[in-house]
Amino acid sequence: MKTLTLVTLLALVTVCLCRGASDHSNSANDSPSSEAFVSKQDSAEVVRRHKRNYVYNRFYDIIHDPLEGKREICELNPDCDELADHIGFHEAYRRYYGPV
């Protein structure tokens, strides 16, 4: 008798749980496969590009390599430019214009 009551009770609980699960809508948004996909807006939030540090770029334009002007002078002289290709800028500039 106890076994029959227990089996009946378990059957009722199972039926209630199955009906409760079927009461939920089976739309595409509730399906387990929808968890694998993300909307375009949500994915754009994740992959949003960070803005560049404009303060760094502003100062970088001001601060140049101190030898840049001397390199340009050496490049304008064809002989110095050719020698710089063979022995390096420092030595070519030193030979043509004196110490760097």
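According to my numbering, the sequence shown is numbered sequentially starting from 56.
The beta carbon of each residue, even a glycine, is placed where N, CA and C say it ideally should be.
Buried or exposed for residue i, going by 16 or more other Cβ atoms inside 10 Å?
{"i": "Ala-66", "result": "exposed"}
{"i": "Cys-129", "result": "buried"}
{"i": "Ala-139", "result": "buried"}
{"i": "Tyr-152", "result": "exposed"}
Kindly indicate the opening and closing residues of the alpha helix (DSSP H) around residue i.
{"i": "Gly-124", "result": "123–131"}
{"i": "Val-101", "result": "95–101"}
Tell me whether residue i sits in a helix, a strand or coil according to DSSP, three-state version.
{"i": "Val-68", "result": "helix"}
{"i": "Phe-92", "result": "coil"}
{"i": "Asp-120", "result": "coil"}
Do residue i and residue j have their CB atoms nearer than 8 Å?
{"i": "Val-155", "j": "His-141", "result": "no"}
Could you tell me if the beta carbon of residue i falls within a distance shorter than 7 Å of some heavy atom in the ligand NAP?
{"i": "Arg-150", "result": "Ligands are entirely absent from the displayed structure, and the ligand NAP is therefore not among its contents."}
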